[in-house]
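Residue numbers (this note's numbering), protein chains in the order written: chain A, 1 to 318; chain B, 319 to 798.
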């Protein structure tokens, strides 16, 4: 009888163990059940990606120098690119690079068909490898622009002399309004180099970011393209309360539209005509309006004489 | 319990289940019951809490993972705009690698252009092409999330447009594995804790059981010993609780048992003595009767026989008449002694005339036997009593009177008989020197005292003896 009882007790313990095990299985089973009905991918099953097939029709490549930030450029110029694509009935690729120098290299190597470059980049490109002018935008009926010196709105500075020992933001090493002119100004007025005069300088690689740097007091001052500043102020009026202009340069030739010297004359003529005709076309006018341009007109190299003088004074821009 | 039973009666199936359960649960020992309760509670609580925590943790951590995935994908989308626009594939690759390095749960990240072609990715040695179809870049509502199973565990794939989709889309894969691992670790810890608590529970329950069952088991052992006749064992009192009270009651019972057994033993001894003395007395009585018959009646009858023989040889008329008168005298004396003998054995007057008459005759004879003792007899009995009561009272009064005359040295003796409340009462009082009744009883030679008590008790009555230096009073009370 006792033995029987003993066996029954053991059986009960087994039953308890079984129940515990069952619960555990249920616990883990639930997690497993969740995994069901999910699509399966084996991430180890890898294969080389097919190379991106070259387009059947070679796209027209438009380079835009980083006067604006990459995103700003893409936003501003995609409409123009679409317009040109439509007019030429050919796909268009918008090409951007971080620096003006990289864009100049693309032009020199004939890797782009048309380019929007900065004044200095043109002057340097023209003088080194014969970059050709196609047209230039006209803004407020003028083909000039200015380099403007900006400081935070509450800064006590009234001239560049007051920025001694401060942090200064350049846009691009090859920028005319963003680097060449303020360097020229310092040399002419105070006879010092930026490295001696400012405690620190840095490059923002675009004008809109230089404005942002001053507005947010990352820099105590910056020199920017007047066209970009006007455009920025137009888009964000609150900037007026945050940045203040303390100096405006004499007029310089506006950043032009250029073509590589090796480009086919036919394409160059076609593109030139297309740009010049934009203002006669309602659709083209809308694109121009969005870019802040009145129209595109022809331009001659002599317009850039004053800029060339500044560049020669400052020395090689790299 | 009765309410429960009544409730269960209404559901026979449930009732059957309950009965089966009770057959099982009721049959096990207290130790098993307590262990069962403790273990069941601990395990049910432990497993319940573990289950709940596991569910909650999984839910919370996955929600957090999804939130983090969206945030990482958004961050990546914002930061990859410039590298894509500037055609800086290496910067893009670095960005993706950095994200993967800095976030543990990011299994992979890659960027596709608006046409869905991969621009940069974090996979080494090729790209799992199936991944491209698992999540769609053509939706409207971003971020889009897809949960899928992979060889590395459950993945959450997030798709986020770059520059509103104009520059492409970023895809981020978050692995659930770490969460599962954390949850499993916590579950393991909690189960371990449950096990530990269960072990502590077993220890506590064992101790508790020992505490509870030890006095009970000892009580059982004590009971067994008492059952075997050992009345000197006592149950130990462990605590001042119900079991302590039980032990007290048990001990009290053993005490009472011992006392009553002692009383029985004493009575038994007395009875044995009484029997021996009774047999002795009977033999004594027979010897006396035999001697009386042989010496008295036998001699007388022999002399009568001799006288009758001589009478036959006597021719002389005068001598004959003298001899005949002598013989008649002898016969008369013999008859008298036979009658006396008969009365001494049992007074026939008790049967014929009742207790009062018998006692009066006995008192008269007593006065002649003990001339120095004045006997004062008062009987107030309205009617004759049952024969057993009469003979019992007669013998008790006879014994008490004989005792007083023989041992007390009393000069007066008063006997009072009356009825009261349906009981007959006899009081026998003397003015002798008195004695210690308890001592006399224990001494064992007082057959008279015992026989008085025994006789009274046989009829449901009792005998009380009060004795002092100024005399002894015997109270006898017998129901009619």
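We treat Cβ as the ideally placed atom computed from N, Cα and C, and that holds for glycine.
From a predicted model like this one, the values you see are computed outputs, not experimental measurements.
DSSP links residue 796 (chain B) through a beta bridge to B:742. Proximity to residue 146 (chain A) across A:254, A:216, A:41, A:188 peaks at A:254, based on C-alpha coordinates.
The C-alpha of residue 744 (chain B) lies about 38 Å from the C-alpha of residue 650 (chain B). Closest by C-alpha distance to residue 588 (chain B), out of B:489, B:715, B:758, is B:758. Contact between residue 356 (chain B) and residue 519 (chain B) holds, since their C-beta atoms are separated by about 4 Å, short of 8 Å.
In the structure shown, residue 147 (chain A) falls within a strand segment according to DSSP collapsed to helix, strand and coil. For residue 482 (chain B), the three-state secondary structure derived from DSSP is helix. Using a Cβ-Cβ cut-off of 9 Å, residue 74 (chain A) is close to 399, 403, 481, 484, 485 of chain B, given in chain order. Secondary structure at residue 137 (chain A): strand, using DSSP grouped into helix, strand and coil.
By the Cβ-count criterion, residue 462 (chain B) is buried, with 16 or more other Cβ atoms from all chains shown falling within 10 Å of its own Cβ.
Residue range 462-468 is occupied by the beta strand (DSSP E) that includes residue 467 (chain B). Excluding residues up to 5 positions away in sequence, 147, 148, 150, 171, 177, 178, 207, 210, 211 lie with their Cβ nearer than 8 Å to the Cβ of residue 224 (chain A) in the same chain.
Within chain B, the C-beta atoms nearer than 8 Å to that of residue 40 (chain A) come from 466, 467, 468, in chain order.
DSSP places residue 550 (chain B) in the coil class of the three-state scheme, outside both helix and strand. Spatial neighbours of residue 665 (chain B) in its own chain (CB-CB distance under 6 Å, excluding positions within 5 residues in sequence) are listed in chain order as 676. Nearest to residue 628 (chain B) by C-alpha distance, out of B:614, B:644, B:616, is B:644.
Taking C-beta atoms as the reference points, residue 222 (chain A) and residue 169 (chain A) count as a pair closer than 8 Å. In the structure shown, the three-state DSSP call for residue 558 (chain B) is coil. Within the region 550-620 of chain B, the runs of alpha helix (DSSP H) that reach at least 4 residues and sit entirely inside it are, in chain order, 560-609. Checking the DSSP bridge columns, you'll see residue 225 (chain A) partnered with A:147. Using a CB distance cut-off of 8 Å, residue 91 (chain A) does not count as an interface residue toward chain B. In this structure, A:314 is the residue among A:314, A:46, A:230 with its C-alpha nearest to the C-alpha of residue 181 (chain A). Only exposed fits residue 130 (chain A), as fewer than 16 other CB atoms lie within 10 angstroms of its CB. Secondary structure note for residue 262 (chain A): it is in no alpha helix (DSSP H), with a DSSP letter that is neither H nor E.
In the structure shown, residue 63 (chain A) falls within a strand segment according to DSSP collapsed to helix, strand and coil. As computed with DSSP, residue 244 (chain A) is found in a beta bridge with A:151. Taking every protein chain shown into account, the CB of residue 738 (chain B) has fewer than 16 other CB atoms within 10 angstroms, so this residue is exposed.
Residue environment analysis places residue 247 (chain A) among the buried positions, since at least 16 neighbouring C-beta atoms fall within 10 angstroms of its C-beta. The beta carbon of residue 773 (chain B) is closer than 8 Å to those of 710, 713, 714 in its chain, skipping five residues each way along the sequence. Taking 8 Å as the cut-off, the beta carbon of residue 632 (chain B) is found no closer than this to the beta carbon of residue 692 (chain B).
Only those residues of the region 445-457 of chain B whose C-beta falls short of 7 Å from the nearest C-beta of chain A are listed: 445, 446, 447, 448, 449, 452. For the region 44-68 of chain A, the set of positions with a beta-carbon nearer than 7 Å to some beta-carbon of chain B reads 44, 45, 46, 47, 48, 49, 52 in chain order. Boundaries of the alpha helix (DSSP H) harbouring residue 377 (chain B): 348-397, taken from the DSSP string. The beta carbons of residue 750 (chain B) and residue 790 (chain B) sit closer together than 8 Å.
Put simply, the backbone Cα of residue 548 (chain B) is about 26 Å away from that of residue 528 (chain B). For the pair residue 707 (chain B) and residue 796 (chain B), the Cα-to-Cα distance works out to about 8 Å.
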